[in-house]
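> Residue numbers (the numbering used here): 10 to 230. Quick reminder that beta carbons are idealized off the backbone N, C-alpha and C, glycines included. Here the structure is a predicted model, which is why all the values come from computation and not from measurement.
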Amino acid sequence: MPQLQAAQIPVTPFQQNCALIWDAETGRGTVIDPGGDVPRILAALDKAGFKVDRILLTHGHLDHAGGAAALKRELEARQGDAVPIEGPDRRDAFLLQGLADQGARFGIEGLENVTPDRWLAEGETVSVAGQDFAVLHCPGHTPGHLAFVSTALRVALVGDVIFRGSVGRTDFPYGDHAALIAAIKDKLLPLGDEIRFLCGHGPGSTFGEERRSNPFLNGQG
10 MPQLQAAQIP VTPFQQNCAL IWDAETGRGT VIDPGGDVPR ILAALDKAGF
60 KVDRILLTHG HLDHAGGAAA LKRELEARQG DAVPIEGPDR RDAFLLQGLA
110 DQGARFGIEG LENVTPDRWL AEGETVSVAG QDFAVLHCPG HTPGHLAFVS
160 TALRVALVGD VIFRGSVGRT DFPYGDHAAL IAAIKDKLLP LGDEIRFLCG
210 HGPGSTFGEE RRSNPFLNGQ G
């Protein structure tokens with residue numbers, strides 16, 4: 010069983026957790042949700058010392074995807090080969106095409122619109138640091154939000170679907186709280202209490218801990 014390593018870099022004024030996951034043996038890894046502050050992400054990559062094989066996006070919000078295009082350019086120039094952007098689900102295309110405008114509204118410079126090299130859909134798999142992760146469609150926060158899960162490694166990358174003690178916002182015109190809670194209860198929690206997750210903001214947790222104590226899943230939130 011590979012021993013993957015992970016680091017999180019808070020980016021943008023929203024303090025979004027851009028995640029780096031890599032296999033120290035192969036020296037290859039993946040960047041998840043580079044929302045901005047690309048120089049900071051590149052410095053963390055230099056410190057970690059691995060070659061990036063792809064950039065994954067869980068959804069189309071500016072703090073998760075706004076730096077993806079710039080990071081792709083920088084990495085391809087450094088590494089000399091393609092670094093594809095994969096995800097989210099195609100239903101977030103309208104958000105990805107409005108990233109520059111979103112950034113301008115929040116006073117965040119340098120964010121760029123982006124079109125993934127590969128849209129992802131539930132039922133597919135995606136490689137994270139050389140390991141297969143299942144793609145799950147978890148809408149509600151955004152229409153095309155995805156989670157990436159490896160039951161073999163007992164780890165999930167959930168973006169803004171669920172947090173320690175909370176869940177993703179749904180107070181957007183396209184938000185759907187019922188769909189979000191259904192995705193958590195029907196798709197994520199049944200994967201097992203022992204599954205650890207990295208999320209888009211704040212510390213991670215396990216599905217078991219959130220099933221037991223998260224007020225939004227117990228009718229108290």
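1. Taking Pro212 as the reference, give the member of Arg163, Leu198, Val176 with the closest Cα.
2. Drop a sphere of 10 angstroms on the beta-carbon of Thr35, count the other beta-carbons inside from all chains shown, and report buried for 16 or more, exposed for fewer.
3. Give me the DSSP bridge partner(s) of Pro19.
4. Using 10 angstroms around the beta-carbon of Ala192, count the other beta-carbons present and answer buried if the total reaches 16, otherwise exposed.
5. Do you know offhand how far Glu200's Cα is from Asp110's?
6. At which residues does the alpha helix (DSSP H) containing Val47 begin and terminate?
7. Out of Cys147, Val47, Pro152, which one is the CA nearest neighbour of Ala78?
8. According to DSSP, is Ile204 part of a helix, a strand, or is it coil?
9. Please state if the CB of His68 and the CB of His154 are separated by a distance shorter than 8 Å.
Result, derived from the coordinates:
1. Among Arg163, Leu198, Val176, the Cα nearest to that of Pro212 belongs to Val176.
2. Here Thr35 is exposed: its Cβ has fewer than 16 other Cβ atoms, across all protein chains shown, within 10 Å.
3. The secondary-structure analysis by DSSP pairs Pro19 across a beta bridge with Asn26.
4. Ala192 is buried by the Cβ-count criterion.
5. One point to set straight first is that residue 200 is Leu, not Glu, in the sequence displayed. Between Leu200 and Asp110, the alpha-carbon positions lie close to 37 Å from each other.
6. Here the alpha helix (DSSP H) through Val47 covers 47–57.
7. Of the candidates Cys147, Val47, Pro152, the one whose C-alpha sits nearest the C-alpha of Ala78 is Val47.
8. Looking at Ile204 - three-state DSSP - the assignment turns out to be coil, as it is neither helix nor strand.
9. Yes, Cβ-Cβ distance for His154 and His68 is below 8 Å.
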